[in-house]
Amino acid sequence: MTLKTASVALRPREEELTRLQRLARWYRRHREAVIAWSFLTPMVIYFIIMTFVPLGFLIGISFTEWNIITPPRWVGSQNFKVIFSSYKNWFYLKVIGRTVLYAVAILVLNIVGGFFVALVLNQDLRGKGFFRTLWYLPSVFSGAVIALLLRIYLAPSTQGVLNMILFKFGIQPVDWTHDPFWMPIITVLFSVWQGIGFTVIFFLAGLQAIDLNLYDAARIDGANDLQLLRYITIPQMVPMLLFISVTGMIGSMQMWEVPKLITAGGPNDLTYTLLYSIHNDAFGALEMGMGTAQSLVLFVMLLVFIGWQLNQYRKQYGV
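Note that my numbering has the sequence shown beginning at 9, numbered continuously upward.
#1: Pull up the DSSP beta-bridge partners for R81, would you.
#2: Could you tell me the alpha carbon to alpha carbon distance between L18 and L28, rounded to whole angstroms?
#3: Is there contact here, the region 287-300 with the region 60-73, by at least three beta-carbon pairs under 8 angstroms?
#4: Compute the beta-carbon to beta-carbon distance between A155 and I270, rounded to the nearest angstrom, for a pair I have assumed lies under 8 angstroms.
#5: Please state if the CB of G205 and the CB of Y340 are separated by a distance shorter than 9 angstroms.
#6: Restricting to runs no shorter than 3 residues, where is the beta strand (DSSP E) found entirely within the region 202-288?
#7: Which residues mark the beginning and the end of the alpha helix (DSSP H) in which T185 is found?
#8: Quick check: what's the CA-CA separation for Y161 versus L142?
#9: For a test of the three-state rule: what should DSSP assign to Y3, helix, strand or coil?
#10: Is it right to say V112 is buried, meaning 16 or more other beta carbons lie within 10 angstroms of its own, or is it exposed?
#11: Which first and last residues belong to the alpha helix (DSSP H) in which P50 is found?
#12: Nearest to T279 by CA position, among K102, R37, R134, is which residue?
#13: Counting C-beta neighbours from all protein chains within 10 Å, is the total for N319 16 or more, i.e. buried, or is it exposed?
#14: How is the alpha helix (DSSP H) around L156 delimited, first residue to last?
#15: Can you grab the Cα-Cα spacing for the pair G274 / P267, in whole Å?
#16: Quick check on G203: buried or exposed, where buried means 16 or more other Cβ atoms within 10 Å of its Cβ?
#17: Hey, how far is the Cα of F310 from the Cα of I258?
#18: If I follow the unbroken alpha helix (DSSP H) through F139, where does it start and stop?
#19: Which residues mark the beginning and the end of the alpha helix (DSSP H) in which N130 is found?
#20: Is the region 180-198 touching the region 230-245 in the sense that three or more CB pairs, one from each, lie closer than 8 angstroms?
#21: Once you ignore the five residues that flank P192 on each side, which residues in its own chain have a CB closer than 6 angstroms to its CB?
#22: Within a Cβ cutoff of 8 angstroms, which residues of the same chain sit near S253, ignoring the five residues on either side of it in sequence?
#23: Under 9 angstroms, Cβ to Cβ, is there at least one residue of chain D near K268?
#24: What is the DSSP secondary structure of I119, reduced to helix, strand or coil?
#25: Tell me the DSSP secondary structure of Q317 in three-state form.
#26: Where does L306 land, buried or exposed, given buried means 16+ other C-beta within 10 angstroms?
#27: In this structure, how does DSSP classify P164 when only helix, strand and coil are distinguished?
#28: Determine whether the beta carbon atoms of I76 and L294 lie at a separation below 9 angstroms.
#29: Using three-state DSSP, classify Q86 as helix, strand or coil.
#30: Is A126 buried or exposed, if buried means 16 or more other CB atoms sit within 10 Å of its CB?
#31: Quick check: what's the CA-CA separation for L66 versus T255?
#32: Since M263 contacts T281 with CB under 8 angstroms, what's their CB separation in whole angstroms?
#33: Excluding the 5 residues preceding and the 5 following L236 in the sequence, name in chain order all residues of the same chain whose CB lies nearer than 8 angstroms to its CB.
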């Protein structure tokens, strides 16, 4: 073998070594990222399969007429036209508006009530651990179980616990579940009572994370308790408030237990919420296309709200 043929034979080997060296250098530079992605990849794949695949299926079904039994029939945007049209005296638009009103009322009461309860429970009080547990306890129980118990309490005549107590004081029984004035109020208070425990816990976590030196410095400058609350406590709680607002709105928009288990959407459709409508159309009337179209509307509404909240936070804090 001549020197020329030997050099030609060794060249692929040298090129292979060069490629391996480049690969080794790249790996050394990106070692942490490679290791991180090796751990993250299974979860990312799982997330895509469990989130984006069902979402794609949901979007596809929303443009069809499907009763589960027969194959889906493509109807285009017909389902969305029905939702945003004057169908049954603007039925679906009223459902959406009613759901938003309920969600806003529940969210505001949850935030305001939860914040002031957290302020009280954050003080150095005897037995505060017991009261923290007591406030959180309703959040542990199933919403369906609590709704069924509430139905017993609100039973008409003197069969219900609440009417029985009123009758003892000479007050005539009230048909709570069919009263157009009381039932929306009870619906809101039920959701607030069930969810305020989470709000209190998160606000307590935020309050305990505030640097106490800020309060000491402000008191030296002559600040009173109201000024401490306004200029220190509330601004420091904004990140926690953002989190509670987003999660609270998501939960409030999905209110279902009271309309399904107590009122059946009544009286006069006053508790007929969007999630209850989705359930009725999809699983009651087997109109899966209409049910999924409403689900998509709910998803977009929540997405817009979350995007708006995050945008407001970025504008205020420049992040």
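Note that CB positions come from ideal geometry on N, CA and C, so glycine has one too. The structure displayed is predicted, hence computed values, not measured ones.
Well, looking at it:
#1: DSSP, once it has assigned bridges, lists E73 as partnering R81.
#2: Because the pLDDT of L18 is 44, which lies under 50, any placement of that residue in the model is unreliable, and the question is left without a value.
#3: yes
#4: 6 angstroms
#5: Residue coverage of the chain in this structure runs from 9 to 327, which leaves residue 340 outside it and unanswerable.
#6: none
#7: Element bounds for T185: n/a, residue is neither H nor E.
#8: 20 angstroms
#9: Here the chain has residues from 9 to 327 only, and residue 3 is not among them.
#10: By the neighbour-count criterion, in which 16 or more other beta carbons inside 10 Å mark a residue as buried, V112 falls on the exposed side.
#11: Here the alpha helix (DSSP H) through P50 covers 39-55.
#12: K102
#13: N319 is exposed by the Cβ-count criterion.
#14: 151-161
#15: Each residue's Cα considered, the two are about 7 angstroms apart.
#16: buried
#17: Note that residue 310 corresponds to Leu in the displayed sequence, not to Phe. Distance between the alpha carbons of L310 and I258 is about 7 angstroms.
#18: 136-148
#19: Note, N130: premise wrong, no alpha helix (DSSP H); not H, not E.
#20: no
#21: L278
#22: L115, I119, Q317
#23: Absent from the structure is chain D; it holds one protein chain and no more.
#24: helix
#25: For Q317, the three-state secondary structure derived from DSSP is helix.
#26: buried
#27: Residue state, collapsed to three classes: coil.
#28: yes
#29: helix
#30: buried
#31: 22 angstroms
#32: Between M263 and T281 a beta carbon distance of about 5 angstroms is seen, short of the 8 angstroms cut, so the two are scored as contacting.
#33: Y223, A226, R227
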